[in-house]
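>
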Amino acid sequence: MSDYQVPATFDEALQNMIDRGQLEGAVLASSDGLPIATVPSAYDAETAAAMVALLQSVSNEAHDQLGMSGVDEVTVVGRDRRRLVCRYLQIDGEELILALMVPANRYYRRISNRAIKEIKAVW
Amino acid sequence: MALKGDLKDMSLSSLISINCNEMNQARLTIRHQGREAALFFADGNIAHVVLDSQEGEEAIYELLTWEEGEFELEQGVAPPKRTVTTGWSRLLLEGMRRMDESAAGPEVDWDEVEMSETDQTAERIVRALKRVPGIDGALICSRQGEVLGQKMAGDPAKEAALTAFVGRRSEELGFLLCAGQWERLILSGQARKAMVVPCRESNYLGLVLGRRAPVEALIESVRTTLRRYE
Chain L
16 MSDYQVPATF DEALQNMIDR GQLEGAVLAS SDGLPIATVP SAYDAETAAA
66 MVALLQSVSN EAHDQLGMSG VDEVTVVGRD RRRLVCRYLQ IDGEELILAL
116 MVPANRYYRR ISNRAIKEIK AVW
Chain Z
-1 MALKGDLKDM SLSSLISINC NEMNQARLTI RHQGREAALF FADGNIAHVV
49 LDSQEGEEAI YELLTWEEGE FELEQGVAPP KRTVTTGWSR LLLEGMRRMD
99 ESAAGPEVDW DEVEMSETDQ TAERIVRALK RVPGIDGALI CSRQGEVLGQ
149 KMAGDPAKEA ALTAFVGRRS EELGFLLCAG QWERLILSGQ ARKAMVVPCR
199 ESNYLGLVLG RRAPVEALIE SVRTTLRRYE
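If you read the sequences in order, they're chains L and Z. Per my numbering, the very first residue in the first sequence carries number 16; after that it's consecutive. Per my numbering, the very first residue in the second sequence carries number -1; after that it's consecutive.
What follows is the structure, given as structure tokens:
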């Protein structure tokens, strides 16, 4: 029998995702870029907020300039193959951003789908 | 032992990003055209900067414009005082914004300008890429958004403006993520994907892809095509 428990906090949901995917870090932020939860907690919150705000401006510009509706993911890839992935989710009409720092050669889609479900459960 | 180098090989933005991310306590001395500057790192940020008689954040913005100059990094040196309180990432972004503004040149009547060699190469690259299955459109533009070559179904000027905007944002993100070494940005929408890649002499390549386009396979085709025209 599984001993899995639904996380009680956003931090816990993010920590679970990081552990499962061996990711570097994750940030859950509001649509205006304000961090709601950051894991690991020692991660530079100001840098995280700056990254989320930049990604959000890219998504907004795509929407405004091209009518590229429903941008659901923005990914920046470094030459070292590290990725910053930004996924968008809506809960009760509230738009949230889940940003992940993904090391080279790690998968993130399935575990972040699961984390989004857990975040919705916590909400 | 001190690490020595030149800003031609490693930019100041990269040095700042690395030292702050690694929480180094260190002094970075830079010499450029007879002038000398020192940056002190502590607790994951820049603590103190001195350039000639100038101290603090304004000095950093000037240093960020230096594209060459010998540097020396000494670990374990404590800052003599604190003249910088803004976080390093915000300082870099503000520095880039100022450089962007100062780089904006006079308006050019593009109809009057003959097609340059750069434009001809750009046209060849986008034609070659448009033939790759999965790529629905391709465009090369300058950092300011001028179209250098395009094979697009939509409005090329609009697409170029977006490509340049996304490219500049990607550079900023690259400094925060990986010391400026960004390779591509991908926007995934419900109907299509778009990819922006840095290319040739500080320009950007913008690609429109199908929703299910295999990005990893396509990036290899893009790299090969760009290498062919380098």
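We treat Cβ as the ideally placed atom computed from N, Cα and C, and that holds for glycine.
Is it buried or exposed for Val106 of chain Z, if we count other Cβ within 10 angstroms and need 16 for buried?
Taking the first residue of the second sequence as position 1, residue 106 of chain Z is located at position 108. With a pLDDT of 43 at Val106 of chain Z, under the threshold of 50, the modelled position of this residue cannot be trusted, and the question is left open.
> Run the CB neighbour count on Leu127 of chain Z, radius 10 Å, all protein chains shown included, and call it buried at 16 or more, exposed below.
Taking the first residue of the second sequence as position 1, residue 127 of chain Z is located at position 129. Burial call: buried.
> For Pro9 of chain L, which of helix, strand or coil comes out of DSSP?
This structure leaves residue 9 of chain L out entirely; chain L is present only between 16 and 138.
> I'd like the span of the alpha helix (DSSP H) that includes Glu39 of chain L, first residue to last.
The residue given as residue 39 of chain L occupies position 24 in the first sequence. Run containing Glu39 of chain L: none; DSSP gives neither H nor E here.
> Once DSSP output is grouped into helix, strand and coil, what is the label at Lys79 of chain Z?
Along the second sequence, read from residue 1 onward, the residue named residue 79 of chain Z stands at position 81. Coil.
> Run down chain L in chain order and give the residues with a C-beta less than 7 Å from the C-beta of Gln179 of chain Z.
Working through the second sequence from its first residue, we reach residue 179 of chain Z at position 181. By Cβ distance, chain L contributes Gly93, Arg94 and Asp95.
> Go to Ala151 of chain Z, then tell me how far its alpha helix (DSSP H) extends in each direction, as first and last residue.
Position 153 of the second sequence, counted from the first residue, corresponds to residue 151 of chain Z. Premise fails: Ala151 of chain Z is in no alpha helix (DSSP H) and is neither H nor E.
> Beta carbon of Ala136 of chain L, beta carbon of Leu113 of chain L: below 8 Å?
If you number the first sequence from 1, residue 136 of chain L lands on position 121. If you number the first sequence from 1, residue 113 of chain L lands on position 98. No, they are not a contact pair.
> Would you please verify whether the beta carbon of Ala41 of chain L is less than 8 Å from any beta carbon of chain Z?
Residue 41 of chain L sits at position 26 when you count from the first residue of the first sequence. Chain Z contact via Cβ: absent.
> For Leu49 of chain L, go through chain Z and note every residue whose CB falls closer than 7 Å to its CB, in chain order.
Translated into positions along the first sequence, residue 49 of chain L becomes position 34. Correct list: empty, because the minimum Cβ distance to chain Z is about 15 Å.
> Could you tell me whether the stretch 102 to 111 of chain L touches the stretch 215 to 223 of chain Z, using the rule of 3 or more Cβ pairs below 8 Å?
No: fewer than three Cβ pairs fall under 8 Å.
> Quick one, which residues of the stretch 110 to 125 of chain L are near chain Z if we go by CB-CB under 8 Å, in chain order?
Against chain Z - using a Cβ distance shorter than 8 Å - the residues of the stretch 110 to 125 of chain L are Met116.
> If we count the other Cβ atoms within 10 Å of its Cβ and call it buried at 16 or more, is Asn31 of chain L buried or exposed?
What you label residue 31 of chain L is simply residue 16 of the first sequence in a count that begins at 1. That one is buried.
> Decide if Pro77 of chain Z is buried, meaning its Cβ has at least 16 other Cβ atoms within 10 Å, or exposed.
In the second sequence, counting from the first residue as 1, residue 77 of chain Z sits at position 79. Under this definition Pro77 of chain Z is a buried residue.
> Would you mind giving the Cβ-Cβ distance between Tyr227 of chain Z and Thr119 of chain Z, rounded to the nearest angstrom? I have them listed as a contact below 8 Å.
Taking the second sequence and counting its residues from 1, the one referred to as residue 227 of chain Z is at position 229. Taking the second sequence and counting its residues from 1, the one referred to as residue 119 of chain Z is at position 121. Confirmed, about 5 Å.
> Tell me the DSSP secondary structure of Glu218 of chain Z in three-state form.
Within the second sequence, numbered from 1, the residue matching residue 218 of chain Z stands at position 220. The answer is helix: DSSP assigns Glu218 of chain Z an H, G or I state.
> Output needed in chain order: residues of the stretch 160 to 190 of chain Z with a Cβ under 8 Å from some Cβ in chain L.
Answer set for the stretch 160 to 190 of chain Z: Leu160, Phe163, Val164, Arg167, Ser168, Glu170, Leu171, Gly172, Leu174, Leu175, Cys176, Gln179, Trp180, Glu181, Arg182, Leu183, Ile184, Leu185, Ser186, Gly187, Gln188, Ala189 and Arg190.
> Cβ closer than 7 Å: which chain L residues qualify as neighbours of Arg225 of chain Z?
For the purposes of this step, residue 225 of chain Z is taken as the residue at position 227 of the second sequence. Per Cβ cutoff of 7 Å: no residues; Arg225 of chain Z is ~15 Å from chain L at best.
> Whose Cβ in chain L lies nearer than 8 Å to the Cβ of Arg88 of chain Z?
The residue labelled residue 88 of chain Z in the question sits at position 90 within the second sequence. Chain L residues near Arg88 of chain Z: Glu61 and Ala65.
> Does any C-beta atom of chain Z lie closer than 8 Å to the C-beta of Ala77 of chain L?
The residue you call residue 77 of chain L lines up with position 62 of the first sequence. Yes - at least one Cβ of chain Z is within 8 Å of the one on Ala77 of chain L.
> With distances taken Cα to Cα, identify the nearest neighbour of Met193 of chain Z among L:Arg35, L:Ser74, L:Trp138 and L:Leu111.
Here residue 193 of chain Z is taken as the residue at index 195 of the second sequence, counted from 1. Among L:Arg35, L:Ser74, L:Trp138 and L:Leu111, the Cα nearest to that of Met193 of chain Z is on L:Ser74.
> Measuring only between beta-carbons, confirm whether Asp87 of chain L sits less than 8 Å from chain Z.
If you number the first sequence from 1, residue 87 of chain L lands on position 72. It does: the Cβ of Asp87 of chain L has a partner Cβ on chain Z nearer than 8 Å.
> Measure the CB-CB distance between His46 of chain Z and Val82 of chain Z and report whether it falls below 8 Å.
For the purposes of this step, residue 46 of chain Z is identified with residue 48 of the second sequence, where counting begins at 1. For the purposes of this step, residue 82 of chain Z is identified with residue 84 of the second sequence, where counting begins at 1. Going by C-beta atoms, His46 of chain Z is nearer than 8 Å to Val82 of chain Z.
> Under 8 Å between C-beta atoms, does Leu69 of chain L make it to chain Z?
By one-based count along the first sequence, residue 69 of chain L stands at place 54. Chain Z contact via Cβ: present.
> Please report whether the beta-carbon of Gly42 of chain Z lies at a distance below 8 Å from any beta-carbon of chain L.
In the second sequence, the residue the question calls residue 42 of chain Z occupies position 44. Gly42 of chain Z counts as touching chain L.
> What is the rounded straight-line gap between the Cα of Tyr59 of chain Z and the Cα of Tyr122 of chain L?
On the second sequence, residue 59 of chain Z is found 61 positions in, with the first residue counted as 1. On the first sequence, residue 122 of chain L is found 107 positions in, with the first residue counted as 1. Taking the straight line from one Cα to the other gives about 38 Å.
> Reducing DSSP to helix, strand and coil, say where Glu72 of chain Z ends up.
Counting from 1 along the second sequence, the entry for residue 72 of chain Z is found at position 74. Reduced to three states, the DSSP call for Glu72 of chain Z is strand.
> When Cβ atoms are compared, which residues of the stretch 195 to 211 of chain Z fall closer than 7 Å to chain L?
Residues passing the 7 Å Cβ filter: none.
> Going by beta carbon distance, what residues of the same chain come within less than 7 Å of Gly48 of chain L, once the five residues before and after it are set aside?
Locating residue 48 of chain L in the first sequence gives position 33, where the first residue counts as 1. Ala64, Val67, Ala68 and Gln71.
> Check the C-beta distance from Gly208 of chain Z over to Gly132 of chain Z and give it rounded, since I have them as a contact under 8 Å.
Here residue 208 of chain Z refers to the residue found at position 210 of the second sequence. Here residue 132 of chain Z refers to the residue found at position 134 of the second sequence. The Cβ separation is near 6 Å, so the contact holds.
> Please identify the residue among L:Leu99, L:Phe25 and L:Ile126 whose C-alpha is closest to the C-alpha of Ile51 of chain L.
Here residue 51 of chain L refers to the residue found at position 36 when the first sequence is read from its first residue. That would be L:Phe25, whose Cα lies nearest to the Cα of Ile51 of chain L.
> Take Thr84 of chain Z as the anchor and find which of Z:Ile138, Z:Glu121 and Z:Gly42 has the nearest alpha-carbon.
In the second sequence, residue 84 of chain Z corresponds to position 86, counting from 1. It is Z:Gly42.
> Distance, Cα to Cα, Leu111 of chain L vs Arg95 of chain Z?
Translated into the one-based positions of the first sequence, residue 111 of chain L becomes position 96. Translated into the one-based positions of the second sequence, residue 95 of chain Z becomes position 97. If I take the Cα positions, the gap works out to 27 Å.
> Can you list the residues of chain L that Leu216 of chain Z reaches, using a CB-CB cut of under 9 Å?
Numbered from 1 along the second sequence, position 218 holds the residue referred to as residue 216 of chain Z. The contacting residues do not exist; Leu216 of chain Z stays about 13 Å from chain L at best.
> Quick one: which chain L residues come within Cβ less than 7 Å of Leu91 of chain Z?
Walking along the second sequence from the start, residue 91 of chain Z turns up at place 93. Under the 7 Å cutoff, chain L gives Ala65.
> Can you find the residues in the same chain that come closer than 8 Å, C-beta to C-beta, to Met150 of chain Z, ignoring five residues on each side of it along the sequence?
Position 152 of the second sequence, counted from the first residue, corresponds to residue 150 of chain Z. Counting only Cβ-Cβ distances below 8 Å, and skipping sequence neighbours, we find Gly135, Ala136, Leu137, Glu157 and Val206.
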